[in-house]
Amino acid sequence: MIELDVKNMTCGHCVRAVSGAVNAIDPAAKVQVELERGRVLIDGQRSSAELIGALQEAGYPSSVAGAQSSEAAAPRKTGCCCG
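Positions 12 to 94 (the numbering used here) are the ones given, in order, by the sequence shown.
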């Protein structure tokens with residue numbers, strides 16, 4: 012199980028986008044999104060680095076839970092249309 016802190020999640024659309032980004036690179040992954048905590052739990056076959064890359068590409072800056080995120084890893088877009 013990998014726990015990630017994910018920024019810019021504000022609504023159900025974000026939950027679907029984050030889940031979709033993970034499932035795009037690991038279709039069998041089980042994804043649990045805790046919107047209020049900004050936390051995503053993933054039980055799958057991909058590394059945390061691969062998952063973080065997929066989420067950042069989707070516009071959601073991410074880091075391993077408890078780790079400090081790096082500004083150098085900022086995505087090209089941020090979040091969804093709601094926030």
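Beta carbons: idealized from backbone N, C-alpha and C, even for Gly.
Query                                                                                            : Result
Backbone CA spacing between L46 and A32 [nearest angstrom]                                       : 15 Å
Span separating the alpha-carbon of A85 from that of D16                                         : At A85, the pLDDT of 46 sits below 50, so the modelled position is not reliable; the number obtained from the coordinates is stated separately. One C-alpha to the other measures close to 14 Å.
Close Cβ partners of S59 (< 6 Å) along its chain, the five nearest in sequence each way excluded : I13, V75
Nearest-angstrom Cα separation, counted from G77 out to A39                                      : 25 Å
Delimiting residues of the beta strand (DSSP E) encompassing R50                                 : 50-54
Helix, strand or coil at L66 according to DSSP, with G and I counted as helix                    : helix
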